[in-house]
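The sequence shown maps to residues -19 to -1, 1 to 986 in mature numbering (1 follows the signal peptide of the UniProt record, and there is no 0).
Cβ coordinates follow ideal geometry from the N, Cα and C atoms, glycine included.
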Amino acid sequence: MTFQLRIYLSFALMGLTLTEPEHPNQVVLLDTTAVLGELGWMTYPVNGWDAITEMDEQNRPIHTFQVCHVMEPNQNNWLRSSWIARQEAQRIYVELRFTLRDCNSIPWVSGTCKETFNLHYLETDEPHSHFRTSDYAKIDTIAADESFTQTDVGERVLRLNTEVRELGPVRTKGFYLAFQDVGACIALLSVRVYYKKCPSTLRNLAAFPDTVPRVHSSALVEVRGACVLNAEERDTPRLYCSADGDWLVPLGRCVCSVGYEETDGLCLACKVGFYKAFAGNIKCSKCPPHSLSHSEASALCHCEKGYYRAGKDPPSTACTRPPSPPRNVVYIMNETALFLQWAPPSDTGGRKDLTYNVMCQRCSVEGQSCQPCDSDVRFVPPPVGLTRTSVAVQDLVANANYTFQIEAVNGVSGMGRAVRQMANITVSTAQAGPSLVAAVKKDWVTQSTIALSWQEAEQPHPAILDYEIKYYEKEQEQLSYSSTRTKVPSTIVMGLKPSTAYVFHIRARTATGYSSYSSKFEFTTGDDDSEEASDQGQVLVIVTAAVGGFSLLVILTLFLLITGRCQWYIKSKMKPQDKRRTQYQNGHVPFPGIKTYVDPDTYEDPTQAIHDFAKEIDPSRIRIERVIGAGEFGEVCSGRLRTPGKKEIPVAIKTLKGGYTERQRRDFLREASIMGQFDNPNIIRLEGVVTKSRPVMIVVEYMENGSLDSFLRKHDGHFTIIQLVGMLRGIASGMMYLSDIGYVHRDLAARNILVDDNLVCKVSDFGLSRVLEDDPEASYTTTGGKIPIRWTAPEAIQYRKFSSASDVWSYGIVMWEVMSYGERPYWEMSNQDVILSIEEGYRLPAPMGCPVALHQLMVHCWQKERSRRPRFHDILTFLDKLIRNPSSLLTLVEDVHSLPESPEELPDYPLFISIGDWLDSIKMSQYKSNFLAAGFTTIDSISSMSIDDIRRIGVSLIGHQRRIVSSIQTLRLQLLHIQQSGFHIGVNCSYNCGKPAAKTRVTDI
């Protein structure tokens, strides 16, 4: 290396600080910027890479390696690191920081100058001193995003590149890194080797240890946490460790035990004077009034002396005491009826559950002997548990003294040593006379009427002015009564219940007041009801009903005539989408059996669409069991749904992550308001939504086998052709249903098809879908949004016009995915190349083992003119014919050797320079040595290979065999096209050799 070129590399170190901020989720295995001594790295040959140590501004060494033999041809310079112990790592990350000189800026440089270098590694259990380059496996070729020039040196412009590469899984105890220079001008400034981990953390009062992610980037590691001290599990605490070292999806939780509260992620004891009675993440509470705690971590505050807490009182209730007695008792006497009234006690004891009890004693006129009142004395309302401060006492005996005791009680009355305190009052009934009514008899009775008569008592008395008859149902004696008056000793009591026993009391009123009530007389209705009275009643009811019915009919007729004209006027002014919404809600359909789809976007209030089409589920009926994936708005979990009276069913639950905006919530629930309108066995079924609590959830049926693309890749080659056609039929049936109700999916792909345990395929994921207008030929036009290029029809890509015909194109791609067991459409071609290829007429070739009939259907779905594509009804009919006639599926595409007569009918396929380029393009580069060892060195030589040839050279995996054979069929058609055009392709041909300039197309490989 010349002195001038060394300057070009060394200037990049000036003022350079390589210190990186620490990453808590990274464990560094090697960082050359942190090594104070020698690195001990090996170079081969010795004069290849140069080790240079500079000092930064803080006087710390910066170890760099430089190479710049661009003036000499055939460079192969190796630099090997020291042995690196992998510790717990399975996947290793290598971060390289380097500068690279632009070859065009180096004067007199030879044509061998490169602007890349190679990164290799070797796994070993122990360090060793020997170094064989053939032992090392290549990780990648490293290129610079920015290279510096001679001008940059003069201006002191730093062109620093940072590249990160992955390697793994690493299974040995350690490994070496090696850097291969093949003729570039490079300064390797730092190398940092690390692996990612999810660092130990505290979440929801649970501790989670350091966790190393799994090798596969899509897999999550479930980690169970341990509750912190003085905490207990409420639900098993779990976190999921992602491949990037981030903790995701916290599930379950721990809560602080009784007497402890959460503070800074720990459970600390409640202080003296505070308490906590229940386990949970709530704070300690101050002791309620008239209570206190004497120690830390108290679960309860004890009441002060003279105060109590009732048995049903929660610990948060203040301690209370019994009330004082009622005050100011007064009464109003009316013959043998008494009305008592009092004022509430002056001290209620601090409680609100205050009631009153009234106790009655009957004493002789002299007041010498007293006994409890007999059962004839009635209290209205009953005397125990009164909530109001008054009571009526009836049926008192004449010429007697009564003493009433009124007691105020609350929830703690009678507890401890509390003394009962009562108010007393004594009344006399001496002014009431004896009963003036003798025996009472029943004259006649019907179902609702009783006729009574009685005789006056045989004793001298003033003239009787009238009689009062009091009666009540025998079963309702203590609740209510009725009364009536008459001037003669007889009465007819009407409006009674049939077959019911009634009790009657009668008293007389004279000029001096009322007498006492007679004794009780009991009679029952319904003993002697006449047939004639019953018949007359029935005739009266029938006549009344007839007249009323006729009047109602006239009123309804007038109302319907007026309403009909109003509805006709309203409908004539409605928009098409409003008509569809009304038809859906009223159950009116444009054709039998199918409702019209209503776009939720036509609602002024989007939440109304949810109420119309989705059922609200009580979150207590849902049990989340585990996380199965991540969606656009949050996690996707599996769980169980419990429905009253039905068997518990498995479900999938989409959750809306916290911190969402109202727009995100609306977009999240929009899919549910779409799915809720569908009812088809091949459309994913919506069970309901949770919108009134958090998290917001969409609950759908659970599909055991997940998405169709991953399911097919997992079971590559395990199904018969008939089984695959059955899957395709289910998808077509679901899409025909959507098409019939005027609905466009826009994102039909195998990843959006779900498979249950019976291999039934159901269409899902309606986030991009839109509705068609009334015109069946109309299409939805959107001005923005993401489009899945590989699955989308040309007119939808170019003009953003979507229709059922564009869904048919996507269905053809799904057919190709199914028959190729989940291959990626168009393999590794870029999206831009896919668009250009389709425009030029390229269509996907048939996968290996695909029947001709199915590939013809695919090609028919991929017609450029959308009007020429089949409808889903036609597709379903065609597949049904194939299933009924399995022999039509026996002819495979690879068995057909005839080609179109005209070369113009052949698609335009990409060409490749060499075997290596071709294998790289289909991601099969690991078989390069197999092909070369078997003598296949040119594109011509592989065009005649069969599946047996592929197996013979060492390709054992079925999926790899299928991919290689499918690509060979493509090359075979292309080569024949070239030969028929009079051209030839060989090993030294360029990408576009032998093709006219007008048809030239370069495909990025």
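Here DSSP, grouped into helix, strand and coil, assigns A188 to strand. Taking a cut-off of 8 Å for Cβ pairs, the stretch 666 to 685 and the stretch 641 to 652 touch, as three or more such pairs fall below it. Bridge partners of D121 according to DSSP: L100.
The three-state secondary structure of V799, taken from DSSP, is helix. In this structure W790 is buried. Its beta-carbon is surrounded by 16 or more other beta-carbon atoms within 10 angstroms. Contact between the stretch 459 to 475 and the stretch 387 to 396 is not established, with fewer than three Cβ pairs separated by less than 8 Å.
Taking E503 as the centre and dropping the five residues before and after it, the same chain places the C-beta of K455, A482, Y483, V484, F485 closer than 8 Å to its C-beta, in chain order. The beta carbon of C237 sits closer than 6 Å to those of A212, E243, C248, all from its chain and outside the five residues before and after it, given in chain order. Taken in chain order, the whole beta strand (DSSP E) runs of length 3 or more contained in the stretch 700 to 725 number zero. About 19 Å separates the CB atoms of P269 and A250; that is not less than 8 Å, and the two are not in contact.
Distances from the CA of K423 to each of W435, S416, S429, G164 were compared; the closest alpha carbon is that of W435.
Here G206 really is in contact with A187; their C-beta atoms are around 3 Å apart, less than 8 Å. In the structure shown, M314 adopts extended strand secondary structure according to DSSP, grouped into three states. The Cβ-Cβ distance between R140 and T80 falls below 8 Å.
For the 8 Å CB-CB criterion, T407 and L367 do not form a contact. The three-state reading of DSSP puts G366 in coil, since its state is none of H, G, I, E or B.
The beta-carbon distance between L77 and L201, rounded to whole angstroms, is 29 Å. This is too long to meet the 8 Å contact definition.
In the DSSP assignment, V174 falls within the unbroken beta strand (DSSP E) covering 166 to 177.
Under the DSSP assignment, T505 falls in the beta strand (DSSP E) whose first and last residues are 502 to 505.
Ranked by how close their Cα comes to the Cα of G620, the residues R602, L637, A611, F614 have R602 in first place.
The residues R602, E629, in chain order, have a CB closer than 6 Å to that of R623 in the same chain once the five nearest residues on each side in sequence are set aside. With respect to the 8 Å criterion, Y448 and S463 are not classified as neighbours on the basis of their beta carbons.
Measuring C-alpha to C-alpha distances from P826 to each of Y724, S948, P775, T858 identifies S948 as the nearest. For the pair R173 and V16, the CB atoms are not nearer than the 8 Å cut-off. Just so you know, the alpha carbons of G715 and L740 end up roughly 14 Å apart.
Short of 6 Å from the beta carbon of A32, and not among the five residues preceding or following it, lie these beta carbons of its own chain, in chain order: F46. At the C-beta level, R215 and R184 stay beyond 8 Å of one another. Assignment of beta-bridge partners to E454 by DSSP yields Y483. Contact between V725 and S801 does not hold, since the beta-carbon distance rounds to 26 Å and is not under 8 Å. Taking a contact to require three or more Cβ pairs closer than 8 Å, the stretch 680 to 687 and the stretch 770 to 782 do not qualify as touching. Its chain contains S305, P306 as the residues whose beta carbon lies nearer than 7 Å to that of Q402, once the 5 sequence neighbours on both sides are disregarded; these appear in chain order. In the same chain as I120, and ignoring 5 residues on each side of it, the C-beta atoms closer than 7 Å to its own belong to L100, H101, Y102, R146, L148, in chain order. In the structure shown, the three-state DSSP call for P218 is strand. Per the C-alpha coordinates, the member of L534, P828, D334, I928 positioned closest to D294 is D334.
Nearest neighbour of F859 by Cα position, chosen from L873, E846, S848, M839, turns out to be M839.
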